[in-house]
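Residue numbers (our numbering), protein chains in the order written: chain A, 1 to 241; chain B, 1 to 241. Where a beta carbon is used, it is the ideal one built from N, C-alpha and C, also for glycine. This one's a predicted model, so the numbers in the text were calculated from it and none came from an experiment. All remarks here apply to the structure that follows.
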DNA sequence: CCCAATTTGTTCGTATGTATA
DNA sequence: TTATACATACGAACAAATTGG
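Listed below in C-alpha cells is the structure:
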C-alpha cells in the first residue's frame, strides 16, 4: 500500500476515533506531515482523497476541517428530491411516530443485525413549500443509539444526521440508494394526501459510517407529481471562462 | 486561472477537436509537459482531473488514453438499473421504431433546439435476462446526427453511445437524470407486458458532450417489479486491507 | 524466463502565490 | 501589516506495471 494511503488510513482512524471531532480543524499540513514523517506532498495527497470523499473540508487561508452535517451538506450529499423546475430546498420535518420495535428480515439484513433485534423506527413527514411530499421511515439499531427517545428526537436542532453525530458520535459518511415505483398504500396515501394506488417512488437508503458500517436504513416514499428524484452525476471542474 | 487548468483546457480542446481520438493514446506525460512548457507535476494535475471526469483513462506502464464508450463504461457510468439482488448486466437492445419527427417543447428545451426542429426519435426495448424491463425513447437532433437512419442504427456494433462516437464524432461525457413514478400507459404496458396503470419509474436523461452541450434526450420507462434504479454515490478509495 | 525500454505511480523537497484572520 | 494556512508550480529520483525482444 502506498504511503499516502497509510497516512489516509491513519487520518481516517483519528477522525473516526474522535481525535479530531466534526467541525474542528486539523493541525496544519506541515505539522501533520512532520508528525507522520512524510513529505507535504504525500500528506496533501491523503487529504485530497478524504476531501473528495467529503470527510474533510479544506479552506485556503484557514485550515482543514472535519466535515460536519450542516443543512447544506445534507441538501447536496443526501437529499435527492427537487421541484420539477429545479428548485432545491431543505425540507421541513414533522415527526409522525417513534417506536421501539423488532427488526424484520429486510431491516436486519441492511443494518447487519439479526431479525428480532431491537430497533427504533422513526416515521417522518417531509414538507417542501409547506406541502407534504415525502414520507420517511428510518430504522436504526437500538443498541447503537442507546438512549434515543422521542423527546430527544423532537428537541434536536438541525438535521437528523447532525444529531447522530453530536449526540451519538455516529457520522454518516455516505449512502447507497435503490429506487423503485409502487402504488401508494393507504396509510401513506392519507399522510401525503394522495388517492389510494397513486404511483409513487420508493427509495431505500442504507446510510453508512466509517468502514462502510451501516447505521441507518431509510425507506422514503416520494410523491413525484411536482417533484423529481435527481441523480447528480460527476460534474466537471473547469472553473470560470 | 491556475496553469494546470490552462493545460487541462488545452487537452480538453485537443480531445474535443479530434487531435486525440477516442481509444487512442496521448503522448507520454513527459512529452506533453515538454510540449506545454510546464513541469510534469502540473501536467499530471491536469490529467488527474480529466481522468476523474472519465475523459481520460490512465494505465500504468502503458499510457494515457482518451476514454471510449465500451460496454463496461456504459454499464458503470450510464446504466443505473440492476436486479433487486444486485446483479448487474449489460441489457440487450431491440429497436422498436425509428422516426424522423418534430421536436416538442420538452425535447426542444432539453436539447436546446426550437420546437418544431427535426429530430430522430428512437424507441428501444431493453431486455435483462431475456425479459423486457425498460422502454427507452431517445431523441437526438437530426441536424447533429445528419445521415442517421434505421439501417445504420440496426447495423451498429456496440452501444449507442459508441455509435455516436465512432460514426458521428459525438462523445457523451456525462448525463443528468431526473426520475419520477407514474402509471404506465397502454403502449408501453403492452411492450413491457404489464397491466395497464401499473406503477413504473420514468427516468428523463439529458446526455451531455463537451462543454455541457446536450446531444441526447432520453426517457426511460422501467418496470421496477424485479429491478431497482440505483444511485451509485461516491465510493471511498481505500485499497485492500 | 529474463532483460531492457517505456510509461505511469509514488515520494521527496523547495519555492512562491493567494486567502484568511 | 503580519503571520498562518492552503494552493500552485517546479524538478528529481525511484517504484511498479507493461511490452517486446
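Quick one: using the 10 Å Cβ neighbour count with 16 as the cut-off for buried, is residue 42 of chain A buried or exposed?
Counting of Cβ neighbours within 10 angstroms places residue 42 of chain A among the buried residues, the total reaching 16 or more.
Helix, strand or coil for residue 145 of chain B? Go by DSSP, reduced to three states.
The answer is coil: DSSP assigns residue 145 of chain B none of H, G, I, E or B.
Since residue 176 of chain A contacts residue 141 of chain A with CB under 8 Å, what's their CB separation in whole angstroms?
With 8 Å as the limit, residue 176 of chain A and residue 141 of chain A do not qualify as a contact, their Cβ atoms being about 17 Å apart.
Counting only Cβ-Cβ distances shorter than 9 Å, please list the residues of the segment 170 to 201 of chain A near chain B, keeping chain order.
Per Cβ criterion, the list reads 173, 174, 175, 176, 177, 178, 179, 180, 181, 182, 183, 184, 197, 198, 199, 200, 201.
Interface residues of chain B around residue 80 of chain A at Cβ under 8 Å?
Correct list: 231.
For residue 92 of chain B, write down the residues that DSSP places opposite it in a beta bridge.
Secondary-structure assignment with DSSP links residue 92 of chain B through a beta bridge to B/127.
Between which two residues does the beta strand (DSSP E) harbouring residue 185 of chain B extend?
Where residue 185 of chain B is concerned, there is no enclosing beta strand (DSSP E), given that its DSSP letter is neither H nor E.
Going along chain A in order, which residues have a C-beta closer than 7 Å to the C-beta of residue 228 of chain B?
Near residue 228 of chain B (Cβ distances below 7 Å), the residues of chain A are 178, 179, 180.
Which chain A residues are close to residue 224 of chain B, counting only those with a beta carbon under 7 Å from its beta carbon?
Those within 7 Å of residue 224 of chain B in chain A are 180, 181.
Sequence-distant residues of its chain with Cβ nearer than 8 Å to residue 22 of chain B (five each side left out):
Within its own chain, the residues whose Cβ lies closer than 8 Å to the Cβ of residue 22 of chain B, once the five positions on either side in sequence are excluded, are 66, 67, 68, 69, 165, 166, 171, listed in chain order.
So, are the CB atoms of residue 194 of chain B and residue 132 of chain B less than 7 Å apart?
Their beta carbons are not under 7 Å apart, which means residue 194 of chain B does not touch residue 132 of chain B by this criterion.
CB-CB under 7 Å to residue 174 of chain B, same chain, minus the five flanking residues each way: which ones, in chain order?
Once the five neighbours on either side are set aside, the close Cβ partners of residue 174 of chain B are 208.
Do residue 221 of chain B and residue 135 of chain B have their beta-carbon atoms positioned less than 7 Å apart in this structure?
Yes, they are a contact pair.
Are residue 199 of chain A and residue 71 of chain B touching if we call contact CB-CB under 7 Å?
No, they are not a contact pair.
Tell me, please, which residues DSSP counts as bridged to residue 223 of chain B.
DSSP output for residue 223 of chain B lists no bridge partner at all.
If you draw a straight line from the alpha carbon of residue 218 of chain A to that of residue 183 of chain B, how long is it in whole angstroms?
One C-alpha to the other measures close to 24 Å.
Does DSSP classify residue 10 of chain A as helix, strand or coil?
Note: residue 10 of chain A maps to helix in three-state DSSP.
Check whether residue 125 of chain B and residue 94 of chain B have beta carbons under 7 Å apart
Yes. Within cutoff.
C-alpha gap between residue 107 of chain B and residue 206 of chain B, whole angstroms
Whole-angstrom Cα-Cα distance: 10 Å.
Give every residue of the same chain whose Cβ lies closer than 7 Å to the Cβ of residue 145 of chain A, excluding the five residues on either side of it in the sequence, and list them in chain order.
Exclusion of the five residues before and after residue 145 of chain A leaves 120, 168 as the residues of its chain whose Cβ lies within less than 7 Å of its Cβ.
Residue 34 of chain B to residue 6 of chain B, Cα distance in whole Å?
Going by the C-alpha atoms only, they are around 15 Å apart.
Do the CB positions of residue 84 of chain B and residue 229 of chain A come within less than 7 Å of each other?
In this structure, residue 84 of chain B keeps its C-beta atom at 7 Å or more from the C-beta atom of residue 229 of chain A.
Write down the C-beta distance between residue 153 of chain B and residue 122 of chain B rounded to the nearest angstrom, noting that I regard them as a contact closer than 8 Å.
The pair is a contact, with the Cβ atoms about 7 Å apart (cut-off 8 Å).
Any heavy atom of the ligand NAD closer than 6 Å to the Cβ of residue 34 of chain A?
The ligand NAD is not among the ligands present in this structure, which contains no ligands whatsoever.
Tell me the rounded alpha-carbon separation between residue 105 of chain B and residue 18 of chain A.
Per the coordinates, the alpha-carbon of residue 105 of chain B lies some 54 Å from the alpha-carbon of residue 18 of chain A.
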